[in-house]
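Counting with the working numbering, you get residues 17 to 478 for the letters of the sequence shown.
No residue lacks a Cβ here, since even glycine has one placed at the ideal position from N, Cα and C.
Owing to the predicted nature of the structure, the values given are computational and were not obtained by experimental measurement.
This report concerns only the one structure given below.
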Amino acid sequence: MKNLLLIIFIVTSFIVKAQLTIIIESVPESTPADADIFFAGNINDWNPGDEAFKMTPAENTWELILPAMDEGTEIQFKFTRGSWETVEKGANGEEIGNRTFTFGNGETINPIILNWADGSGGGITASENVSIMSEDFYMPQLDRSRRIWIYLPPDYSITAKSYPVLYMHDGQNLFDTETSYAGEWEVDETLDELYNQSFNVPIVIGIDNGGTERINEYTPWSNSQYGGGDGDKYVEFIVETLKPYVDDNYRTLDDRENTAIMGSSLGGLISHYAALKYQDVFSKAGLFSPSYWFSDSVWIFTDNHPKQFDMRIYQMIGGNEGSQNVDNLSVMEDHLLNSGFDANELSNKTIPNGSHNEALWRGDFETAYKWLFQDYIGGIYDIPNIKSIRVSPNPARNEITISDYSPRSGDSIVVTDIRGVELILIQNVVSNKVNTSGLKPGIYILRIFSENEVYGAKFVKN
C-alpha cells in the first residue's frame, strides 16, 4: 500500500509541476553581436531588464529555463534587449501581442524574434524641402533637448504667403527611412505629390521621440506596468515653447483654425490629450491607432473637457489591432459626442486587415490630411469638375511637359497666375509641351479645355 501511495505521489508531482526551456534560434540581423536578451513577462512584473531572466547566450542561440510551475498555468511575455525601447516587434516594426505559453504544453519552445523597436532604417529619403530645424531644441518643461524637423511647402521660398502648421510626434519616422526604425510615414512625399496635384499643403513640424523617455512624454497618466505620466509637460512644451518659436521664425497662420496635431499609438493618445486640453490652440487632431488602453483616465479626461470650439477629430485604427482597441474608437466617439461635439466634427475609420505599424498610418495620412484641412486644401479644386493632371519638371524652367496628355482637335491651354490673370493662351493645341520661358518666378495654374472636360495643374517657376 505504501509503495502504491509513493507511486501515485511521484506521478502526481510530475503532472502538477512542469518546466519550460526557451531557446531562441533566430534574431534580426540588426541585433548587436554582444546583445543581451531578456525575458519580460507577468511572472517577473514585466521587468524588461531583469538579470534573473537574462537568457544565456550560446553559438547563435539564447536559452532560458523557467522555474517549474503548475500544469495549466498560462504566462504572457515578450523579449527585450534590456528596456522597453528595445522590445521585440513584428517583421515591419509593428507592435505585436504578448506571447503566451501554458505549462504542460511541451517542455521546449523555439521562438523567433523578427525585429527590435530600435531596428535601423534604410537610406535617406527625405525631400529637399525637409530640414532639421534644430538638433537640440531645449524643452524647459522637461529640462532636456530634442531634434526638431520641419517640412516647408514647395512654394515657401518663392512666395510671401503664410501657412497652417501641423505638429507631429515620432519625428524620426515621418520623413526619412534612414532615421526610422520601422519604415517612414512619407509625409513629405505625400504632401509634395498633393502640391503637384494643386492642393495647398501646410508646414509640418516633426518632434523626435525621446527614446527611453517616449512613454513618459506621450502619456499624461501613469500605467502600473509601463510607467509614464509626463505627457502634460510635453504638451506644454509644444504649446508654450515650440509653437511660439515656429510662429516667430516662419510664415505661419498662427490661429487655432490653422493649427493641428497628429500622432500614432501613444502619439495618438497625447494628440487627443493636447487637442482637448488646448482647444484654444488646436482645431484639428489626427489620432492614428490611439493607445486609449494605456489608462482609463482618458475617458474621465474626455468627459471633463467638453467642447469649447469647433473641432475636427480624425480617428483611425487597423482591424488587426485587437477587438478591444477597435471598440475603443467607438467608445471614444460616444464620449466625444456626449461632451458636446457634433457627429460631423468626428471621423472614425477602421481599415480591415490593418496592423499597428507605419505602413498603415502612411497609407491613411493623405485621407486624414484632406479631411482635417478640407477648408484649406483648395487650389484648382475650387473650380467645379476640374480634373487633375501633372506637369514636369515642377518647379519649371523654360518648358513644361504635360504628362499623359495627347491633344485633341480644338483643345486650348490657359496659364494664369494665382490671381487668375491670364499669361499664356494656346488655341488648337498640337503639343503636350508649353513654353514657360517668359514667366517670372512664381506660382501658376495651367488648365486644359478639351471638349467638355477641364484639366488642371499647379506649377512653380523658379
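Buried versus exposed call for Q324 [16 or more other C-beta atoms within 10 Å across all chains shown]: Counting from 1 along the sequence shown, the entry for residue 324 is found at position 308. That one is exposed.
Using only CA atoms, which one of N451, N232, V220, M278 lies nearest to D263? By 1-based counting over the sequence shown, the position of residue 263 is 247. Of the listed residues, the one whose Cα sits closest to D263 is V220.
Give me, in chain order, the residues of the same chain whose beta-carbon lies closer than 7 Å to that of L190; leave out the 5 immediate sequence neighbours on both sides. The residue given as residue 190 occupies position 174 in the sequence shown. Once the five neighbours on either side are set aside, the close Cβ partners of L190 are W165, M184, E200, W201, V203, G222.
Taking A473 as the reference, which of A291, D312, Q213, T206 has the closest Cα? Here residue 473 refers to the residue found at position 457 when the sequence shown is read from its first residue. Minimum Cα distance to A473 is reached at Q213.
Span of the alpha helix (DSSP H) holding L285? Taking the first residue of the sequence shown as position 1, residue 285 is located at position 269. Run containing L285: 282-293, per the alpha helix (DSSP H) assignment.
Which stretch, first to last residue, makes up the beta strand (DSSP E) that contains I367? If you number the sequence shown from 1, residue 367 lands on position 351. From DSSP, the beta strand (DSSP E) with I367 extends over 362-367.
Can you round the beta-carbon distance between L258 and G284 to whole angstroms, since I take them to be within the 8 Å contact cut? For this step, residue 258 is matched to residue 242 along the sequence shown. For this step, residue 284 is matched to residue 268 along the sequence shown. Incorrect: roughly 19 Å between the Cβ atoms, too far for contact.
Under 7 Å, do S305 and I333 count as touching if we go by C-beta distance? Counting from one through the sequence shown, the residue named residue 305 turns up at place 289. Counting from one through the sequence shown, the residue named residue 333 turns up at place 317. Yes.
Assuming D479 and S371 make a contact with CB atoms under 8 Å, what is their CB distance in whole Å? As displayed, the chain neither begins before 17 nor continues past 478, which places residue 479 out of reach and without an answer.
Shortest alpha-carbon distance to Y179 belongs to which of P218, E349, P48? Taking the sequence shown and counting its residues from 1, the one referred to as residue 179 is at position 163. The candidate whose alpha carbon is nearest that of Y179 is P218.
Beta-carbon proximity check, Y392 vs N216, cutoff 7 Å: As a position in the sequence shown, residue 392 is number 376, starting the count at 1. As a position in the sequence shown, residue 216 is number 200, starting the count at 1. Yes, the Cβ-Cβ distance between Y392 and N216 is below 7 Å.
Contacts around L269, its chain only, beta-carbon distance under 7 Å, and the 5 residues preceding and following it disregarded: Here residue 269 refers to the residue found at position 253 when the sequence shown is read from its first residue. The residues are S178, Y179, P180.
Can K248 and R272 be called in contact, C-beta distance under 7 Å? Here residue 248 refers to the residue found at position 232 when the sequence shown is read from its first residue. Here residue 272 refers to the residue found at position 256 when the sequence shown is read from its first residue. Residue identity differs from the one stated: residue 248 is Asp in this sequence, not Lys. No; because the gap between Cβ atoms is not below 7 Å, this pair is not in contact.
Alpha carbon to alpha carbon, how far is G113 from A133? By 1-based counting over the sequence shown, the position of residue 113 is 97. By 1-based counting over the sequence shown, the position of residue 133 is 117. Straight-line Cα distance between these residues: approximately 14 Å.
Beta carbon of A56, beta carbon of T96: below 7 Å? If you number the sequence shown from 1, residue 56 lands on position 40. If you number the sequence shown from 1, residue 96 lands on position 80. It is a contact, given that the beta carbons lie within the stated cut-off.
Apart from the five residues just before and just after L353, which ones in its own chain have a Cβ nearer than 8 Å to its Cβ? For this step, residue 353 is matched to residue 337 along the sequence shown. Contacts found: A359, L362.
With 16 as the cutoff for other CB atoms within 10 Å, does P236 come out buried or exposed? Position 220 of the sequence shown, counted from the first residue, corresponds to residue 236. Classification of P236: buried, given that the 10 Å Cβ count is 16 or more.
Looking only at its own chain, which residues have a Cβ that is under 6 Å from the Cβ of S280, when we skip the five neighbours before and after it? Taking the first residue of the sequence shown as 1, we reach residue 280 at position 264. Same-chain partners within the cutoff: F304, S305, W377.
If you reduce the DSSP assignment to three classes, tell me which class G379 lands in. As a first step, residue 379 is located in the sequence shown; it is residue number 363 there, counting from the start. Helix.
From T141 to T193, what distance separates their C-alpha atoms? Taking the sequence shown and counting its residues from 1, one reaches residue 141 at position 125. Taking the sequence shown and counting its residues from 1, one reaches residue 193 at position 177. If I take the Cα positions, the gap works out to 6 Å.
Mapping the DSSP letters down to three states, classify R162 as helix, strand or coil. Within the sequence shown, the letter at position 146 stands for residue 162. Looking at R162 - three-state DSSP - the assignment turns out to be strand.
Could you check if I125 is buried or exposed, using at least 16 other CB atoms within 10 Å of its CB as the buried criterion? Within the sequence shown, numbered from 1, the residue matching residue 125 stands at position 109. I125 is classed as exposed because its beta carbon has fewer than 16 other beta carbons within 10 Å across all chains shown.
Are I39 and E79 touching if we call contact CB-CB under 7 Å? As a first step, residue 39 must be located in the sequence shown, where it is residue number 23. As a first step, residue 79 must be located in the sequence shown, where it is residue number 63. Yes, these two residues count as a Cβ contact at 7 Å.
Which whole-angstrom value describes the C-beta separation of E438 and V430, a residue pair presumed to lie in contact below a C-beta threshold of 8 Å? Against the sequence shown, residue 438 aligns to sequence position 422. Against the sequence shown, residue 430 aligns to sequence position 414. Right, the Cβ-Cβ distance comes to about 6 Å (below 8 Å), so this counts as a contact.
Distance, Cα to Cα, E101 vs S299? Reading the sequence shown from its first residue, position 85 is the one you call residue 101. Reading the sequence shown from its first residue, position 283 is the one you call residue 299. Distance between the alpha carbons of E101 and S299: 32 Å.
DSSP on R463, reduced to helix/strand/coil? As a first step, residue 463 is located in the sequence shown; it is residue number 447 there, counting from the start. Three-state result, R463: strand.
What residue range does the alpha helix (DSSP H) around V342 cover? Locating residue 342 in the sequence shown gives position 326, counting from the first residue. 339-354 is the extent of the alpha helix (DSSP H) around V342.
For W387, which three-state DSSP category applies? For the purposes of this step, residue 387 is identified with residue 371 of the sequence shown, where counting begins at 1. Helix at W387.
Spatial neighbours of N414 within its chain, please: CB distance less than 8 Å, with the 5 preceding and 5 following residues excluded, ordered by chain position. Here residue 414 is taken as the residue at index 398 of the sequence shown, counted from 1. Cβ within range, chain order: N451, T452, S453.
CA-CA distance, A84 and T118? On the sequence shown, position 68 is the one that residue 84 refers to. On the sequence shown, position 102 is the one that residue 118 refers to. Between A84 and T118, the C-alpha separation is close to 12 Å.
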